[in-house]
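This report refers to the structure that appears directly beneath it.
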Amino acid sequence: MTSQKIYIGASVLAALQLVGNVAVGAEQDFARDTPRRAVESTNFSLGLIASDSDTKDSTSNGTFGLNGVATLPIGEWFGASLAGNYSRTTARTSDVLLDVASQGGSRPSCRFNNYDAAATVFARRPTLGKISASYGQGELSSDCGDESVFVSTGDDSLGTDYYRVAAEAYLWDFTVGAVHTSTELEDGPKLESDIFNASWYPLDSVRVTLSGGDLYEQDTYGIEIEHQPEFMGNSLGVALGYSVVDREQEIGTISFSVVYHFGAKIELKTRDRQYR
Numbered sequence: 001m002t003s004q005k006i007y008i009g010a011s012v013l014a015a016l017q018l019v020g021n022v023a024v025g026a027e028q029d030f031a032r033d034t035p036r037r038a039v040e041s042t043n044f045s046l047g048l049i050a051s052d053s054d055t056k057d058s059t060s061n062g063t064f065g066l067n068g069v070a071t072l073p074i075g076e077w078f079g080a081s082l083a084g085n086y087s088r089t090t091a092r093t094s095d096v097l098l099d100v101a102s103q104g105g106s107r108p109s110c111r112f113n114n115y116d117a118a119a120t121v122f123a124r125r126p127t128l129g130k131i132s133a134s135y136g137q138g139e140l141s142s143d144c145g146d147e148s149v150f151v152s153t154g155d156d157s158l159g160t161d162y163y164r165v166a167a168e169a170y171l172w173d174f175t176v177g178a179v180h181t182s183t184e185l186e187d188g189p190k191l192e193s194d195i196f197n198a199s200w201y202p203l204d205s206v207r208v209t210l211s212g213g214d215l216y217e218q219d220t221y222g223i224e225i226e227h228q229p230e231f232m233g234n235s236l237g238v239a240l241g242y243s244v245v246d247r248e249q250e251i252g253t254i255s256f257s258v259v260y261h262f263g264a265k266i267e268l269k270t271r272d273r274q275y276r
């Protein structure tokens, strides 16, 4: 009888130990599969951007540029990113630049170089959403000769400062958000914009975004589709968008971008909510 009790006791202890090991393993798997940080790991991206804007009853404007972003974690709840951009635009300039030689007449077209850099800090829970604040500086310079000047500065360059706050919420396969931007032009007015957007992930590698709002006192709306193909190693993203600024002379813009992500090779939905 005693030996039988000893056998039963040993069996119960073995079973409890097995259950305990399974429970610990399940807990570790859950902790590993459940995102807990604002940024899972430091990552970088480098992209090419091209766009073409067509102004009603006027000529079109073309832009080509490069941009880079580095994103890093700051503890469990916070993250930060640094971004830099360069673009060159061939644009219609009748509302911006004056040709001094022609006594106030406007030039039909001109090239601009745009440089800007921004720093962003944010708090995020990958299962809930994200709030962020950014500060950036930029410089826009014209390449139209010494006789052309910006109206506000009186020379061929224009500095900008901008502040941006944003918030977004993650709702299953949907993300909704809003962005407020305040831009101060050198020796010029302050411009305000409010943009609202809603995104849907029909697949974890595809995002469709609708946006609309007030862009510097002009109504604007647009759509963008981004895809991160699995056969490209979940590192290359391609985006195509179209937006309209509704003003007296309506402006429609087609944009295209290609971005390469260095670091973790993960699907687009995961990248948006845990890495950038």
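Under my numbering, think of the first position of the sequence shown as 1, with each following residue one higher. No residue lacks a Cβ here, since even glycine has one placed at the ideal position from N, Cα and C.
| Asked | Found |
| --- | --- |
| Complete runs of the beta strand (DSSP E) confined to the region 110-134 [at least 3 residues] | 110-125 |
| Presumed contact (8 Å Cβ cut-off) between Gly65 and Ser87, rounded CB distance | 3 Å |
| For Pro73: DSSP bridge partner residues | Gly79 |
| Cβ-based burial, Thr127 [other Cβ within 10 Å; buried from 16] | exposed |
| Counterpart residues of Asp187 in DSSP-defined beta bridges | Looking at the DSSP assignment, Asp187 forms no beta bridge with any residue, so it has no partner. |
| Nearest-angstrom Cβ-Cβ length linking Val244 and Gly222, presumed shorter than 8 Å | 7 Å |
| Minimum C-alpha distance to Thr89 - residue among Ser141, Gly129, Gly47 | Ser141 |
| Sub-7 Å separation of Ala259 and Ser41 beta-carbons | Looking at the sequence itself, residue 259 is Val, so the reference to Ala does not match. In this structure, Ser41 does not lie closer than 7 Å to Val259 by Cβ. |
| For Glu226 and Leu268, believed in contact at Cβ under 8 Å, the rounded distance | 7 Å |
| Burial state of Gln137, where buried means 16 or more other Cβ atoms lie within 10 Å | exposed |
| Given Pro202 as reference, the closest of Ser182, Asp214, Thr175 once Cα atoms are compared | Thr175 |
| According to DSSP, residues forming a beta bridge with Thr63 | Ser51, Thr89 |
| Beta-bridge pairing of Arg164 - partner residues as DSSP gives them | Ser134, Thr181 |
| Cβ shell of Asn114 (< 6 Å), same chain only, five flanking positions each side left out | Ser87, Leu140 |
| C-beta contact flag for Phe112 and Ala83 at 7 Å | no |
| Beta strand (DSSP E) segment containing Arg207, residue limits | 206-215 |
| Cβ distance (whole Å) where Ala169 is taken to contact Phe196 below 8 Å | Not a contact, Cβ separation roughly 12 Å. |
| Backbone secondary structure at Thr270 - three-state DSSP | helix |
| Cβ pair Asp52, Ile254 closer than 7 Å | yes |
| Beta-carbon proximity list for Ile131, same chain, < 6 Å, skipping 5 on both sides | Ala123, Ala167 |
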